[in-house]
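K.L.:
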Amino acid sequence: MLRAMAAPACVVALALPVAAADRPLPLADAVAMALEHNGELKALKSEREIARAAVTRAGLWANPTLELEGASGALTGSSDENSFSVGLAQEFVLGGKRTKRLAVAEREAEEVDLRLADRQRLLTLEVKRAFLEHVLANRRLDLAKGSADLNRQLLEIARQRYAAGDVPELEVNLARVEAARGTGRVLDARRELPAIRSRLLTLMGLDPLADLEPGEPPTHRPVTGTPDDLARLALAHRPDLKALTAARAAADAAMEAAEAERLPNLTAGLFYTHVRSTDDIGTSEPKTHDNLLGVRLSIPLPVFDRNQAGVQEARGRAGGADARLGAARQSVAREVAAELARLQAAEEAVTLYEQEIIPRLDENLKIVQEAYRLGEIGILAVIEEQKKYYEVREGFLAETHNRDLARATLEATLGVDPAENQGGVQ
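The opening residue of the sequence shown carries number 21 in my numbering; numbering runs sequentially from there.
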């Protein structure tokens, strides 16, 4: 009777989630650690300083120019004649070019920030995918261990019945083969875990040998809302779309700046000149001793180069940015609809398993195990039922994984958790 109770107890154990390790790592903490420690993300954050430096550069004035000039007649036989001049010149940007350049740099810096936010979105999805793969591997290991326990119990019962003369030795050998196969499945499931765990820790920016054990994912929350509603949500929150919008704004600003470059800059200078000369007789007494103060203005004449190439280049970039933004916005609706359909299909499959398949599967296994213990059926029927139990349970784990992964992918496609928006989650 005790053995009859042990088998159903093992069936119930297989239905439970993987036992949590001491202080398991939640999914939210894994994502937060990745956003803080991921090496690629750190590099992108450092490169963001380049864009900020461009903003600083665009707002700076040109440095003034100090001009010094000296002349002497020593080499031409007029040693008593010389002059000295000192001047200061400053370039003045006309046509609002400085403001327009600053606007371009600011829009480009905004685009870089949004590209970084989009990389964080994609990294979050990568971490969730790796985390869920680790959860699936742990659950498969737990399932394999439970299946191996069932096979060992079957072997023990077969040995007892053989000792009592109820079954031939062939049934013991068959049970022994199934027990060995169960042990092999445990080894296979355990072998997959280190590589999956290493990939997750690498994405988190941690040592692959770090002493962290991922826990279970959060409870699944069904997403509500029509594809059109979710598409509007994605259009409002996706950082890659915002980055393309910023790129379009930067291209418009660059076109205005290129048009302003048609007007040349003015350079204004102030100079002082001291002139010393002698009379025609050649005496040592100076005839003149003049001090001059003047203003110098210079401006390039836009005769040949009126920045035609710069304007053409800016227009081309604006057209390309506009085309990329339009294509991206059109594809969002298709992406959202596809991911939502995938999630809904996975949810239906999991519901079918939970409500129809799994309860009957558990019941059938209990009936078959009890029937074999009482000698009503042969061992082949038990082996076949336990094999079916393992395969169906593995399929259930795969569908649960697909549902959780589809939920994470849809969230990444939207660019925001639907739970944070009213009406987006049930």
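Built from N, CA and C at the ideal position, the CB exists for glycine as well.
1) Can you give the Cα-Cα distance for His421 and Val51, rounded to whole angstroms?
2) What are the start and end residues of each continuous beta strand (DSSP E) run of 3 or more residues lying completely inside the segment 80 to 128, in chain order?
3) If His240 sits next to Asp424, beta carbons under 8 Å apart, how far is it from one beta carbon to the other, in whole angstroms?
4) For the ligand SAM, is there a heavy atom less than 7 Å away from the beta-carbon of Leu232?
5) In the DSSP assignment, find the beta strand (DSSP E) that holds Thr287 and state where it starts and stops.
6) Which residue comes first and which comes last in the alpha helix (DSSP H) that contains Asn384?
7) On the CB-based measure, 16 or more other CB atoms within 10 Å of its CB, does Gln332 come out buried or exposed?
8) Quick one: measure Cβ to Cβ for Ile377 and Ala178, integer angstroms, because I've assumed they're closer than 8 Å.
9) Taking the C-alpha atoms as reference points, what is the distance between Leu143 and Pro322?
10) By the three-class DSSP mapping on this structure, what secondary structure does Asn327 have?
11) At the level of alpha carbons, what is the spacing between Ala348 and Asp260?
12) Between which two residues does the alpha helix (DSSP H) containing Gln406 stretch?
13) Going by DSSP, what residues sit across from Asn311 in a beta bridge?
14) Mind checking who Arg316 pairs with in its DSSP beta bridge?
15) Could you check how far apart the C-beta atoms of Asp169 and Gly395 are, in whole angstroms? I think they sit under 8 Å.
16) With DSSP collapsed to three states, give me the class of Pro228.
17) Note down, in chain order, each residue of its chain lying with its Cβ closer than 6 Å to the Cβ of Leu194, except the 5 sequence neighbours on either side.
18) Check the C-beta distance from Asn285 over to Phe104 and give it rounded, since I have them as a contact under 8 Å.
19) Which one or two residues does DSSP pair with Lys45 in a beta bridge?
20) What's the gap between the Cα of Gly346 and the Cα of Ala48?
21) Terminal residues of the continuous alpha helix (DSSP H) containing Ala271?
22) Measuring straight from C-alpha to C-alpha, what distance separates Phe151 and Ala125?
23) In whole angstroms, what separates the C-alpha of Lys165 from that of Pro238?
24) Under the assumption that Arg258 contacts Val352 (Cβ atoms under 8 Å), give the Cβ distance between them as a whole number of angstroms.
25) Are the Cβ atoms of Lys148 and Ala428 separated by less than 8 Å?
26) Taking contact to mean 3 or more Cβ pairs, one atom from each stretch, closer than 8 Å, check whether the segment 133 to 142 and the segment 195 to 205 are in contact.
27) Let me check understanding here. Comparing Cα to Cα, which of Leu250, Gly415, Glu440 lies closest to Arg159?
28) By a C-beta neighbour count over all protein chains shown, 10 Å radius and 16 as the cutoff for buried, is Asp325 buried or exposed?
29) Within a Cβ cutoff of 6 Å, which residues of the same chain sit near Ala269, ignoring the five residues on either side of it in sequence?
30) Output the distance between the C-alpha atoms of Gly79 and Leu114, rounded to the nearest integer angstrom.
31) Mind checking which residues open and close the alpha helix (DSSP H) that includes Ala200?
P.N.:
If we stick to the structure as given:
1) 18 Å
2) 85 to 93, 98 to 112
3) 6 Å
4) What this structure holds is no ligand at all, so the ligand SAM is not there to describe.
5) 286 to 298
6) 378 to 393
7) exposed
8) About 28 Å separates the two Cβ atoms, so there is no contact after all.
9) The straight-line gap from Cα to Cα measures roughly 50 Å.
10) coil
11) 9 Å
12) 399 to 434
13) Residue pairing by DSSP places Asn311 opposite His294 in a beta bridge.
14) Gly289
15) Not quite, the Cβ-Cβ distance comes to about 22 Å (not below 8 Å), so this is no contact.
16) coil
17) Ile399
18) That pair is no contact at about 29 Å.
19) One detail in the question is off: residue 45 reads as Leu in this sequence, not Lys. Paired residues: Pro234.
20) 34 Å
21) 259 to 280
22) Straight across, the Cα-Cα distance linking Phe151 with Ala125 is about 39 Å.
23) 24 Å
24) 7 Å
25) A distance below 8 Å separates the beta carbons of Lys148 and Ala428.
26) no
27) For the residues Leu250, Gly415, Glu440, the minimum Cα distance to Arg159 belongs to Gly415.
28) exposed
29) Arg127
30) 14 Å
31) Here the alpha helix (DSSP H) through Ala200 covers 189 to 223.
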